[in-house]
Amino acid sequence: MNQTALSSESESGASHADHDHSPFFAHHFESPQQQFDAGKLGMWLFLITEILFFSGLFVAYAVFRARHPEVFADAHLYLDKSLGTVNTVVLLFSSLTMAWAVRCAQLNQQRGLIVCLTTTLACASLFLGIKAIEYAHKWDSGIFWAGMYQPLADYHGDHGLSPFLIGLSVPALLALVIFAVAAVLAYARRARQQLIVFGGLALTSLAFFVGVGCAKAVPVVVDAMVGGDHDQATVVSVEGGRTESVQEGSEDAEQPPDEAPETGPTGFSPAGIFFSIYFAMTGVHAIHILAGMGVIAWLLVRSVRGDFTPTYFGPVDYVGLYWHLVDLVWIFLFPLLYLIQ
Amino acid sequence: MTTDIQATHHGSQDEHHGIGHVIPAPVLIAVFLALIVLTVITVAASYLPLGEFEIWVAMGIATAKAALVAAYFMHLRYDNPLNAILFIFCLLFVALFVGFVLMDADQYRSDLIEMHSPMN
């Protein structure tokens, strides 16, 4: 093993004098290959803890589904399948661009690496924009987690701006303003590297609002195609949730909604617990998206600086693995929450 | 040993002489298109009256998608097998976790102590 590692190092040294002495090659490794493999093993161990962590949420889902199948039969009425599908495609595309970023780094395509990372960031932001519409739509109609679950029977689709949507958009708007100003300043100072980074991040922040716009447009388009019963479906579903909770347990339904949190564990309606699980699973997933965006932004800074070469691209690969794991979690969340009736 | 195998792999790549395996662009595109097709199939299947089989169809398609992502996007097919073994063992433990909890879930008697059931 030692011999082969050394020989491969000397071989690559002979053919690639320029890449061999990457400043990020740590001296305690025998070769860049060994450094890469060690980092990758560490990343996989981290991903395994992530899978086990998410499996706790999937177990909560499975147990609740086993005990209350009737809640899940109606749950699909609350969740917008078309938005879930669009988000799935967006996330799959971001996985493709992330895998492509690794390929670019391996082939020393610096410009391609920057483009791929920026696209991945923008897709992540688009995903969150669509998610923000979904969350705001539910919160507007009184659908919260179990302790605050009071669906409004008279809610008729979205009219005007929702305060929840504004709240969720504020961080993205702040980020857009800050990065756009920084990009303009960088342009004025002719700082090319900063311009690329801040421009990419401003584009990413803008993508959030593209996502919001898409999510607003998708139901309209679906209505036009299906025949315009979207708003009716929303009302029916909310009423369905009410009647269901009446059938479920009469003591729940007869309590005024504002007393529900004080009544202890028995006071929570099953539909409310379903949405607790929904918000916990998608919320933790969204936090992982945000964390992924943070590390991809770090990769963007480093790739603009030119840190990554065919013998040193470990960070791109490891972040890629993490990003694909987030995608894997969504691949299971999407059918479990949105599709199953 | 593995370095030798990887070195011969690299020989077949025209432009690449670094570490790790480079996935050809057509493979990346093909995997992405397969994922999109599977997504369309799973959404279409959700409109069919499959009854009890629905969850198995949906989970089967999701597992196929996950396998594609893991094998190609996450390089497991080309990687050191140790990473794939770790991943598979992790999934076995997840299966144990879910399986045992579900076996136990049906044993729970919510009416044993009146008004004290955590899940009603």
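Chains as they are written, first to last, in our numbering: chain A, 1 to 341; chain B, 1001 to 1120. Even glycine gets a Cβ: it sits at the ideal position worked out from N, Cα and C. Please read these numbers as outputs of a predicted model, since none were measured by experiment.
Partner residues on chain B for residue i, Cβ-Cβ distance less than 8 Å
i	result
Asp223 (chain A)	What Asp223 (chain A) touches in chain B: nothing, since even the nearest Cβ is about 17 Å away.
His324 (chain A)	Val1069, Ala1070, Phe1073 and Met1074
Phe29 (chain A)	Residues of chain B passing the Cβ test: none, with the nearest at roughly 11 Å.
Asp317 (chain A)	Gly1020 and His1075
Gln110 (chain A)	By Cβ distance, chain B contributes nothing, its closest Cβ being about 14 Å from Gln110 (chain A), past 8 Å.
Arg103 (chain A)	Val1022, Ile1023, Ala1025 and Leu1028
Ile331 (chain A)	Ala1062, Lys1065, Ala1066 and Val1069
Trp145 (chain A)	Chain B residues near Trp145 (chain A): none, gap ~15 Å exceeds 8 Å.
Rounded distance between the beta-carbons of residue j and residue i, thought under 8 Å
i	j	result
Leu113 (chain A)	Pro310 (chain A)	No, Leu113 (chain A) and Pro310 (chain A) are not in contact; Cβ-Cβ is about 11 Å, not under 8 Å.
Gly320 (chain A)	Val63 (chain A)	Not a contact, Cβ separation roughly 33 Å.
Thr120 (chain A)	Trp330 (chain A)	Rounded, the Cβ-Cβ distance is 14 Å, inconsistent with contact.
Ala146 (chain A)	Ala1105 (chain B)	Their Cβ separation, rounded to whole angstroms, is 18 Å, which puts Ala146 (chain A) and Ala1105 (chain B) out of contact at 8 Å.
Ala124 (chain A)	Met293 (chain A)	5 Å
Gln193 (chain A)	Val295 (chain A)	Gln193 (chain A) to Val295 (chain A), Cβ: 19 Å. No contact.
Amino acids of chain A, ordered along the chain, whose beta-carbon sits closer than 7 Å to that of residue i
i	result
Ile1019 (chain B)	Pro32, Gln33, Phe36 and Thr311
CB contact flag (residue i, residue j, <8 Å)
i	j	result
Leu91 (chain A)	Phe127 (chain A)	yes
Ala202 (chain A)	Leu176 (chain A)	yes
Leu328 (chain A)	Thr1042 (chain B)	no
Leu41 (chain A)	Asn1083 (chain B)	yes
Ala207 (chain A)	Gly129 (chain A)	yes
Ala271 (chain A)	Tyr149 (chain A)	yes
Arg96 (chain A)	Leu299 (chain A)	It is worth fixing the name first, because residue 96 (chain A) is Leu in this sequence and not Arg. Going by C-beta atoms, Leu96 (chain A) is not nearer than 8 Å to Leu299 (chain A).
Thr1063 (chain B)	Val89 (chain A)	no
Leu161 (chain A)	Phe1093 (chain B)	no
Phe144 (chain A)	Phe268 (chain A)	no
Tyr1078 (chain B)	Val1027 (chain B)	no
Val326 (chain A)	His285 (chain A)	yes
Leu168 (chain A)	Ala191 (chain A)	no
Leu1068 (chain B)	Val1031 (chain B)	yes
Ile1023 (chain B)	Ala99 (chain A)	yes
Tyr312 (chain A)	Phe25 (chain A)	yes
Ala105 (chain A)	Phe308 (chain A)	yes
Asp80 (chain A)	Glu134 (chain A)	yes
Ala1045 (chain B)	Ala1058 (chain B)	yes
Val1098 (chain B)	Phe72 (chain A)	no
Cβ-heavy atom distance, residue i to the ligand SAH, below 7 Å
i	result
Ala1062 (chain B)	This structure lacks the ligand SAH, and indeed carries no ligand of any kind.
Residues that residue i contacts on chain B, provided the C-beta gap is smaller than 9 Å
i	result
Pro23 (chain A)	Going along chain B, no residue has its Cβ under 9 Å from Pro23 (chain A), so there is no contact; the nearest lies around 16 Å.
Leu92 (chain A)	Phe1032, Leu1035, Ile1036, Thr1039, Lys1065 and Val1069
Leu52 (chain A)	Cys1090, Phe1093, Val1094 and Phe1097
Thr204 (chain A)	The contacting residues do not exist; Thr204 (chain A) stays about 21 Å from chain B at best.
Buried/exposed call for residue i, threshold 16 Cβ in 10 Å
i	result
Glu1015 (chain B)	With a pLDDT of 49 at Glu1015 (chain B), under the threshold of 50, the predicted position of this residue should be treated as unreliable, and no value is reported.
Phe334 (chain A)	buried
Ala188 (chain A)	exposed
Pro265 (chain A)	Note on Pro265 (chain A): pLDDT 48, under 50, position unreliable in the model; no value is reported.
Phe1087 (chain B)	buried
Leu173 (chain A)	exposed
His342 (chain A)	The structure shown has nothing for residue 342 (chain A), since chain A only spans 1 to 341.
Ile287 (chain A)	exposed
Gln33 (chain A)	buried
His27 (chain A)	exposed
Pro219 (chain A)	buried
Leu1033 (chain B)	exposed
Cys1090 (chain B)	buried
Gly228 (chain A)	Low local confidence applies: a pLDDT of 45 at Gly228 (chain A) is under 50, so the model's placement there is unreliable, with the coordinate-based value given in what follows. Classification of Gly228 (chain A): exposed, given that the 10 Å Cβ count is below 16.
Ile1085 (chain B)	exposed
Tyr1047 (chain B)	exposed
Gln1107 (chain B)	exposed
Leu1096 (chain B)	exposed
Gly306 (chain A)	exposed
Ile1019 (chain B)	buried
His21 (chain A)	exposed
Gly314 (chain A)	buried
Phe1053 (chain B)	exposed
Met1103 (chain B)	exposed
Partner residues on chain B for residue i, Cβ-Cβ distance less than 7 Å
i	result
Phe58 (chain A)	Val1098
Thr119 (chain A)	Going along chain B, no residue has its Cβ under 7 Å from Thr119 (chain A), so there is no contact; the nearest lies around 13 Å.
Val89 (chain A)	Ile1036 and Thr1039
Leu299 (chain A)	Under the 7 Å cutoff, chain B gives no residues; its nearest Cβ is about 16 Å from Leu299 (chain A).
Trp100 (chain A)	Leu1028
Ser95 (chain A)	Val1069 and Phe1073
Gln194 (chain A)	Result: empty, since nearest Cβ-Cβ is about 28 Å, beyond 7 Å.
Asp327 (chain A)	Val1069
Chain-ordered neighbours of residue i on chain A, where CB pairs are closer than 9 Å
i	result
Leu1102 (chain B)	Val59, Ala62, Val63 and Ala66
Ile1088 (chain B)	Near Ile1088 (chain B) there are no residues of chain A at all, since even the closest Cβ is about 10 Å away, more than 9 Å.
Chain-ordered chain A contacts of residue i [CB-CB under 8 Å]
i	result
Leu1092 (chain B)	Within chain A, no residue comes near Leu1092 (chain B); the closest Cβ sits about 11 Å away, beyond 8 Å.
Which residues of the segment 1038 to 1052 of chain B have a Cβ closer than 7 Å to any Cβ of chain A? Give them in chain order.
Of all residues in the segment 1038 to 1052 of chain B, Thr1039, Thr1042, Val1043 and Ser1046 have a Cβ within less than 7 Å of some Cβ in chain A.
Handout entry: Near-chain A residues of the segment 1054 to 1075 of chain B - C-beta to any C-beta below 8 Å
Key = The residues in question are Glu1054, Ile1055, Ala1058, Met1059, Ile1061, Ala1062, Lys1065, Ala1066, Val1069, Ala1070, Tyr1072, Phe1073, Met1074 and His1075.
Give the residues from the segment 168 to 188 of chain A that approach chain B closer than 8 Å (Cβ to any Cβ), ordered along the chain.
Result list empty, no residue passes.
- Query: Taking a cut of 9 Å between CB atoms, which residues from the segment 274 to 297 of chain A lie near chain B?
  - Reply: Per Cβ criterion, the list is empty.
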